[in-house]
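Letter by letter, the sequence shown follows residues 4 to 414 in this note's numbering.
Where a beta carbon is used, it is the ideal one built from N, C-alpha and C, also for glycine.
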Amino acid sequence: MRTRQPRLPSRQVIAVATTARARRVTRAAQAAPPPAPPPPERRARRWARRALWLVPLLAAIAGAAAAATDESIPDWGRWTLAGAALAGAAVLGIAVLLGPAARRLAGEHQPLTRAELGQLTAAERVEAVNAARHTLIQAATGLVVIGGVVFTAQGLWYTAQSLDASQRAQRTAEQGQIADRYTKAVEQLGAATMNVRLGGIYALERLAQDSPRDHQTVYDVLAAFVRERDRKPVDEKIQSSFTPAADTQAALTVIGRRNGTRDLSPLDLSRSRLHGAFLDRADLRRANLFHADLSSADLNGADLTGADVNGTNLEDADLTGANLTRAIVHGNLKGAHLDNANLTRADLRGGYLPEADLTGADLTGADLSEADLTGADLTGARLHGANLRSVRGITESEIRKVARVDAATRF
Numbered sequence: 004m005r006t007r008q009p010r011l012p013s014r015q016v017i018a019v020a021t022t023a024r025a026r027r028v029t030r031a032a033q034a035a036p037p038p039a040p041p042p043p044e045r046r047a048r049r050w051a052r053r054a055l056w057l058v059p060l061l062a063a064i065a066g067a068a069a070a071a072t073d074e075s076i077p078d079w080g081r082w083t084l085a086g087a088a089l090a091g092a093a094v095l096g097i098a099v100l101l102g103p104a105a106r107r108l109a110g111e112h113q114p115l116t117r118a119e120l121g122q123l124t125a126a127e128r129v130e131a132v133n134a135a136r137h138t139l140i141q142a143a144t145g146l147v148v149i150g151g152v153v154f155t156a157q158g159l160w161y162t163a164q165s166l167d168a169s170q171r172a173q174r175t176a177e178q179g180q181i182a183d184r185y186t187k188a189v190e191q192l193g194a195a196t197m198n199v200r201l202g203g204i205y206a207l208e209r210l211a212q213d214s215p216r217d218h219q220t221v222y223d224v225l226a227a228f229v230r231e232r233d234r235k236p237v238d239e240k241i242q243s244s245f246t247p248a249a250d251t252q253a254a255l256t257v258i259g260r261r262n263g264t265r266d267l268s269p270l271d272l273s274r275s276r277l278h279g280a281f282l283d284r285a286d287l288r289r290a291n292l293f294h295a296d297l298s299s300a301d302l303n304g305a306d307l308t309g310a311d312v313n314g315t316n317l318e319d320a321d322l323t324g325a326n327l328t329r330a331i332v333h334g335n336l337k338g339a340h341l342d343n344a345n346l347t348r349a350d351l352r353g354g355y356l357p358e359a360d361l362t363g364a365d366l367t368g369a370d371l372s373e374a375d376l377t378g379a380d381l382t383g384a385r386l387h388g389a390n391l392r393s394v395r396g397i398t399e400s401e402i403r404k405v406a407r408v409d410a411a412t413r414f
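Encoded structure:
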């Protein structure tokens with residue numbers, strides 16, 4: 004009786020057969036000589052086939068990129084062309100990475116031949132197909148991401164452009180409103196009614212605060228208003244009873260409290276008749292007060308740093324605590340109150356200061372040469388480094404008794 008051999012499972016049979024075939028293929032590959040490199044003609048044909056789609060793609064990418072810079076094309080068209088060029092470049096880059104670049108990184112400088120492809124087992128073919136599918140899915144995902152980035156950037160650009168356009172329109176509207184406000188305020192300055200003129204003055208002040216670029220223009224207009232609308236008494240003998248009109252005083256008050264750091268040029272108040280004006284703590288830095296009449300004016304604590312007070316009438320003016328550093332003061336200071344004033348390095352050459360109150364004034368480095376100090380009170384005045392040569396109305400010994408001098412004081 005013959006012994007019946009057990010049958011092997013079909014799965015095991017297939018595995019054994021596959022293993023045997025793999026061994027035969029391996030022995031054949033080891034026995035066969037290494038594949039010769041493809042002939043030059045074959046490589047040339049391969050590059051020609053690649054050029055058939057590579058050259059048009061490069062041309063299309065370059066054309067789209069060049070057209071995207073043409074400003075005659077609408078913005079949406081330019082962005083569409085730029086997106087197309089970017090997408091084409093991305094496709095080309097992915098193709099290079101998946102093809103030649105991947106093979107070179109794997110150490111394979113030439114694509115597999117048909118014979119080499121035929122030696123692949125079923126499992127290897129399935130694995131290759133799955134790897135290709137996975138790679139294509141990744142490439143498609145990359146393209147979607149790139150497209151999303153492009154369109155997101157386009158959306159952000161459009162938003163920025165819209166915001167910029169809105170801001171330009173808003174600035175244009177604001178400038179139009181400012182121009183209208185300026186025109187109306189200037190018209191009010193020429194009105195016959197006092198209240199209307201006062202409204203125009205304060206409207207200009209608000210305009211200068213809202214629009215720094217119009218600061219200089221506004222205060223030049225107000226300075227011109229002060230120069231042209233001073234009150235001129237019929238009888239000069241009763242001039243002391245006159246003070247600036249309400250609108251002139253309002254303009255001076257507005258000028259005195261402005262932000263002087265925004266001035267582009269000195270204010271011109273030259274030859275203004277401002278007898279008895281109230282300019283307490285006014286900002287008059289670098290102001291042009293040439294031959295202005297500020298007699299009996301209240302300039303208590305005013306800042307006249309660098310101001311031109313040449314020929315200015317400051318008779319009986321109150322300059323207590325005023326700052327006249329580096330000011331040019333060649334005018335009439337008879338009876339002026341300059342106690343505790345800062346006259347450091349002030350130019351007082353030939354000044355007329357009889358009976359002026361200079362108690363505690365700082366005249367360090369000031370030039371008082373040929374000044375008339377008849378009856379002036381210099382008690383406690385600081386004259387360090389001052390030039391007192393040829394002063395009139397007071398002697399050197401009298402000055403030394405009441406004022407503070409040093410070795411640099413010149414007599």
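Check	Outcome
Burial state of E275, where buried means 16 or more other Cβ atoms lie within 10 Å	Residue 275 is actually Ser in this sequence, not Glu. Answer is buried; the Cβ neighbour count reaches 16.
Euclidean distance between Cα positions of V148 and Q157	14 Å
Span of the alpha helix (DSSP H) around A206	M197 to D213
Sequence-distant residues of its chain with Cβ nearer than 7 Å to G363 (five each side left out)	D342, N343, G383 and A384
Whole-angstrom distance between T328 and L361, CA atom to CA atom	15 Å
Rounded separation between V405 and S299 - CA only	27 Å
Residue range of the alpha helix (DSSP H) that includes V405	E399 to V405
Pairwise C-alpha distance: T308 and S372	20 Å
Limits of the unbroken alpha helix (DSSP H) element including V408	That residue, V408, is in no alpha helix (DSSP H); it is neither H nor E in DSSP.
From F228, E177 and H218, residue whose alpha carbon lies closest to that of R200	F228
Bridge-paired residues (DSSP) for I331	D311 and D350
Start-to-end residues for the alpha helix (DSSP H) that takes in V229	H218 to E231
Simplified DSSP state of H137, which is helix, strand or coil	helix
Assigned secondary structure, D301 (DSSP; H/G/I helix, E/B strand, else coil)	strand
Proximity winner among A194, A195, L356 and E231, relative to L322 (alpha-carbon distances)	L356
Spatial distance of T246 from G324 (CA atoms)	23 Å
Alpha helix (DSSP H) segment containing A254, residue limits	A249 to G259
Three-state secondary structure assigned by DSSP to F281	strand
Of the listed residues H340, N262, S400 and L207, nearest to L297 (C-alpha basis)	H340
Buried/exposed call for A35, threshold 16 Cβ in 10 Å	With a pLDDT of only 49 at A35, under 50, the local geometry of the prediction cannot be trusted, and the value read off the model is given with reservation. Exposed, because fewer than 16 other Cβ atoms sit within 10 Å of the Cβ of A35.
CB of L391 within 9 Å of CB of E401, strictly	no
Outcome for E318 when other beta-carbon atoms lying within 10 angstroms are tallied against a minimum of 16	buried
L376 versus E74, E358, R265 and R171, residue with shortest Cα-Cα distance	E358
Identity of the residues DSSP links to R289 by a beta bridge	Its beta-bridge partners do not exist; DSSP assigns none.
Residue environment, R288, which counts as buried when at least 16 other CB atoms sit within 10 Å	buried
Environment of W79 [buried if 16+ CB atoms lie within 10 Å]	exposed
Straight-line gap, D365 to G388 (C-alpha atoms, nearest Å)	11 Å
Nearest-angstrom Cα separation, counted from R265 out to Q164	33 Å
Beta-ladder partner(s) of H340, from DSSP	D321 and D360
Residues sharing a beta bridge with D365, DSSP	N345 and R385
Where R276 falls: helix, strand or coil (DSSP)	strand
Cβ distance (whole Å) where A330 is taken to contact A349 below 8 Å	5 Å
Distance, V312 Cα to S268 Cα	16 Å
Exposed unless 16 or more other CB atoms sit within 10 angstroms - verdict on G378	exposed
Rounded Cβ spacing between D306 and N326 (contact assumed at less than 8 Å)	5 Å
Rounded Cβ spacing between D217 and I181 (contact assumed at less than 8 Å)	7 Å
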